[in-house]
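Scroll down for the structure; my scribbles are underneath it.
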Amino acid sequence: MTELEKSMESMITVFHHYAKEGGNKNTLNKKELKKLIESELPNFLTTQKTPDTLDRIMKDLDQNKDDELDFEEFVAFVAGLSVACEKHFSLLPEKKAHTGKK
Ligand SMILES: [Ca+2]
Ligand SMILES: [Ca+2]
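My numbering puts the sequence shown at residues 2 to 103.
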């Protein structure tokens with residue numbers, strides 16, 4: 002498998018690993034989402050740690066308002082995070098290059 006195929010597979014695996022724990026086996030409830038973020042996105046959580054973060058994330062992502070995240074809603078979350086990370090990532094070498102010139 003290619004790197005991208007592996008990434009897609011791990012996204013699916015991670016989602017189902019947490020989604021199957023309780024309630025609807027194909028969706029994440031708030032408790033399952035919390036566990037997923039704490040275990041799989043510890044760096045994300047430390048930068049955004051406020052008491053209502055989880056509620057906000059859940060509200061933002063839950064497009065059909067059923068208090069559960071299906072895979073489509075979860076993918077939107079990961080995609081959004083990836084975009085944020087990529088911006089951060091692409092800023093770093095540019096900054097370095099600029100300071101190098103001076
Ligand atoms: Ca579930
Ligand atoms: Ca939903």
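Note that CB positions come from ideal geometry on N, CA and C, so glycine has one too.
>> To test your reading of the DSSP string, which unbroken alpha helix (DSSP H) runs of 4 or more residues are found completely within the segment 47-91?
In response: 54-62
> Where does L29 fall in DSSP's three states?
Replying inline: Strand, per DSSP.
> Could you give the residue range of the alpha helix (DSSP H) that holds T14?
Replying inline: Secondary structure note for T14: its alpha helix (DSSP H) is the uninterrupted segment E4 to A20.
>> Among L5, I13 and L70, whose alpha-carbon lies nearest the alpha-carbon of G23?
In response: Considering only alpha carbons, the answer is L70.
> Near A85, what residues of its chain come up, given a Cβ to Cβ distance below 7 Å and the 5 sequence neighbours on each side ignored?
Replying inline: Here the set comprises nothing.
> What do you reckon, is the C-beta of E33 under 7 Å from a heavy atom of ligand 1?
Replying inline: yes
>> Under 8 Å: do the segment 62-79 and the segment 19-38 share three or more Cβ pairs, one atom per stretch?
In response: The count of Cβ pairs closer than 8 Å, one atom from the segment 62-79 and one from the segment 19-38, reaches three, so the stretches are in contact.
> Beta carbon of L82: closer than 7 Å to some heavy atom of ligand 1?
Replying inline: no
> Does the beta-carbon of I38 have 16 or more other beta-carbons within 10 angstroms, so that it is buried, or is it exposed?
Replying inline: buried
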